[in-house]
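Some notes on the structure that comes next.
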Amino acid sequence: MKNEIRILIVDDHFLVRIGLLTSLKIHAELKVVAEASTAAEAMRLYRQHLPDVVLMDLRLPDLTGIEATVKLRKDFPAAKVIILSSYDGEDDIYRAFQAGAGAYLLKSVLEEELFRAIKIVHSGQQYKPDHVVRTLAGHNPDSDLTPREIEVLELLIKGLSNKEIGDVLGCTENTAKFHVKNILGKLEVKDRTEAATAAFHRGILH
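For the sequence shown, the residue numbers in our numbering are 2 to 207.
Below is the structure:
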């Protein structure tokens, strides 16, 4: 078909790919040209098929969908990506658009909304449903954790003390304590338990 939109599906779950294929087949102007189960495979298939739109899972075995989007758009700046996720955390949504995604949708999205999002992203625009607009409007970039703070947070959630965190990361106990204090401040929580809850709720960790 002359005006068909060619799609690459990237998801490591076979049943999810089958579900997407079934949904997309309803629309004659959509054509799935390839399927990938890893970010590495997605890169190879994108290079081979040059699809119009990529449906990218947030969680892949080798990279996150956001990391894969960054990598893909570095090699192909015009690549159009829609992130599909089971999570609606604030940080996931914010980082997806920062990475250059054209939309962030939950996997429970209805067929018609998915179709609408694909058409809008294919046209070069971003698709942002109301809840995404609200989430992005309420996001404070100053609250973003640095890569090092995320490492500390992961260890903190595992129950490690400041000294143990320092030993793992090769820094002093005081440095680890400083990172923990910054993390609690940025997440606006009082203790480690609240930090864990906030991290999962915001999508910083899964």
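The beta-carbon is built from N, C-alpha and C at its ideal position, and this holds for glycine as well. All values reported here derive from a predicted model rather than from experimental measurement.
Assuming the contact rule is C-beta atoms closer than 8 Å, residue i and residue j should be a hit. Round their C-beta distance to whole Å, please.
{"i": "residue 85", "j": "residue 63", "result": "Residue 85 to residue 63, Cβ: 17 Å. No contact."}
{"i": "residue 74", "j": "residue 103", "result": "11 Å between Cβ atoms; not a contact."}
{"i": "residue 124", "j": "residue 108", "result": "Actually they are not in contact, since the Cβ atoms of residue 124 and residue 108 sit about 23 Å apart, beyond 8 Å."}
Between the options, which lies nearest to residue i when the distance is taken from Cα to Cα?
{"i": "residue 12", "options": "5, 41, 32, 4", "result": "41"}
{"i": "residue 29", "options": "203, 4, 158", "result": "4"}
{"i": "residue 133", "options": "98, 150, 112, 146", "result": "98"}
{"i": "residue 17", "options": "89, 50, 110", "result": "110"}
{"i": "residue 53", "options": "145, 31, 172", "result": "31"}
{"i": "residue 131", "options": "198, 177, 105", "result": "105"}
{"i": "residue 68", "options": "88, 55, 96", "result": "96"}
{"i": "residue 7", "options": "184, 138, 56, 127", "result": "56"}
Check this for me: beta carbons of residue i and residue j, under 9 Å apart or not?
{"i": "residue 33", "j": "residue 22", "result": "yes"}
{"i": "residue 92", "j": "residue 203", "result": "yes"}
{"i": "residue 61", "j": "residue 38", "result": "yes"}
{"i": "residue 71", "j": "residue 122", "result": "no"}
{"i": "residue 177", "j": "residue 186", "result": "no"}
{"i": "residue 149", "j": "residue 170", "result": "yes"}
{"i": "residue 201", "j": "residue 66", "result": "no"}
Grouping DSSP H, G and I as helix and E and B as strand, with all else coil, what is residue i?
{"i": "residue 128", "result": "strand"}
{"i": "residue 75", "result": "helix"}
{"i": "residue 39", "result": "coil"}
{"i": "residue 104", "result": "strand"}
{"i": "residue 121", "result": "helix"}
Query raised in the report: For the 8 Å Cβ check, are there 3 or more pairs between the stretch 144 to 158 and the stretch 113 to 120?
Result: Between the stretch 144 to 158 and the stretch 113 to 120 there are fewer than three C-beta pairs closer than 8 Å, too few to call the two in contact.
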